[in-house]
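Throughout, our numbering is defined as the position within the sequence shown, counted from one, plus 1.
Backbone N, C-alpha and C define an ideal beta-carbon position, used for all residues, glycine too.
To start, the structure itself, in structure tokens.
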Amino acid sequence: MATFTSVKLLNITARLWLTLTIAGQWLFVLYIAGFYGKRFLAKGIPGFADTHLPNGYIPGDSTGNIAIVMHILLAMFIIAGGTLQLLPAIRKRYPAFHRWNGRIYVCTAIVVSLAGLYLTFARERVIGSLPQEIGTSLGGVLILIFSPVVIYYALKRQYLLHQRWALRLFMLVSAVWFLRILTFGWFLLTGGWGINRSDFSGPFLVFAAFAQYMLPLAVLELYFRAKDMKQRNMNILASLAISVGTVYMAVGVGVLTAMIWLPRVLK
Ligand code: HEM
């Protein structure tokens, strides 16, 4: 049996995670707008030439250049749109907005993933390794598989299943954000053990290429299990996993904002 306290604990930890995620993803959106959006508005596609991206703007590669610009600018809209889908108040008060934003979210996630897959395999690898590319690409393929499932359950009006698959899709689309948090948190904890700084490869980054969505998905499944089983120990276990994740994420978001995103936007 679930005790009142363990149910409350689970709800509070989930809410704290949600609050941090929404705030942290908006910081990422502001970074994309302030760094890439500003360049695009000033110089168009060639504005992506002087960024830190290893394969940003490449003169002569029109398809790749359009893909990278689309990939990053659309990313801004899905990350922002995804956070709005999670807010219960918006779902309840503005159901039409939720439906349209959801359709746009799913379509954009597919386009961004296809562009990401194209960039990964059509362009020469400058940093990283093949296993890292496989990890990230698997995430992209899962987005292509999960997207129609989310829409299917919405059309069938099976809202519990719709909500669960939508949350799984959200974790996958957020992988790019989790990867940065995972890596910066790791730098803080270990000084970068398992990371080869010269070409951004190494065992930790292979792990992170898969863990960027596998870890959030695993914690999410634990949360669903706790909700279904209604048992005290399960509620405590899920709350603990969410709390550890939230603390790690809070540190990662703080460090990333202060050391990477803010300096790049202000430069
Ligand atoms: C759908 C969710 C995704 C979002 C929201 C997203 C977003 C982004 C963003 C914001 C950047 C710029 C990073 C920065 O400035 O720190 C980026 C870069 C990149 N993304 Fe994605 N991405 C997604 C999925 C993918 C997938 C599935 C792949 C590959 C299969 C991919 C491949 C890439 C590559 C290769 C770059 C760097 C380009 C370069 O080498 O210069 N992305 N992405």
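Kindly examine the ligand HEM and report whether one of its heavy atoms sits closer than 8 Å to the Cβ of residue i.
{"i": "E134", "result": "yes"}
{"i": "H72", "result": "yes"}
{"i": "P55", "result": "yes"}
{"i": "Y106", "result": "no"}
{"i": "I69", "result": "yes"}
{"i": "I46", "result": "no"}
{"i": "V174", "result": "yes"}
{"i": "L118", "result": "yes"}
{"i": "V151", "result": "no"}
{"i": "Y37", "result": "yes"}
{"i": "G253", "result": "no"}
{"i": "G141", "result": "yes"}
{"i": "S138", "result": "yes"}
Taking C-alpha atoms, which residue in the options lies nearest to residue i?
{"i": "P264", "options": "L31, T4, T6", "result": "L31"}
{"i": "H99", "options": "A167, T4, I196, G140", "result": "A167"}
{"i": "S240", "options": "I146, A227, A251, Q133", "result": "A227"}
{"i": "A219", "options": "G255, L170, V266", "result": "L170"}
{"i": "S138", "options": "E125, Y119, S148", "result": "Y119"}
{"i": "I46", "options": "L74, M172, Y160, L28", "result": "L74"}
Who are the near neighbours of residue i in its chain, counting only those whose CB is closer than 6 Å to its CB and skipping five residues on each side?
{"i": "I237", "result": "S7"}
Once the 5 residues before and after residue i are set aside, which same chain residues still bring their CB inside 7 Å of it?
{"i": "T184", "result": "A209"}
Checklist entry - Per the contact definition of three or more C-beta pairs closer than 8 Å, is the segment 24-34 in contact with the segment 56-70? => result no
Checklist entry - Whole alpha helix (DSSP H) runs in the segment 136-197 with 4 or more residues, listed along the chain? => result 160-174, 176-191
Next on the checklist: Count Cβ pairs between the segment 196-215 and the segment 177-184 that sit closer than 8 Å; are there 3 or more?
Outcome noted: yes
Checklist entry - Do the segment 11-19 and the segment 151-165 meet, that is, are 3 or more Cβ pairs less than 8 Å apart? => result no
Item to check | Stretch-stretch touch, CB-based, cutoff 8 Å, three pairs: the segment 105-118 with the segment 78-85 | outcome: yes
Checklist entry - Is the segment 202-209 touching the segment 115-135, taking contact as three or more C-beta pairs under 8 Å? => result yes
Next on the checklist: Contact between the segment 87-99 and the segment 34-49 is defined here as three or more beta-carbon pairs at a separation below 8 Å; is this criterion met?
Outcome noted: no
Item to check | Continuous alpha helix (DSSP H) assignments of at least 4 residues falling wholly in the segment 59-141 | outcome: 63-87, 89-94, 96-123
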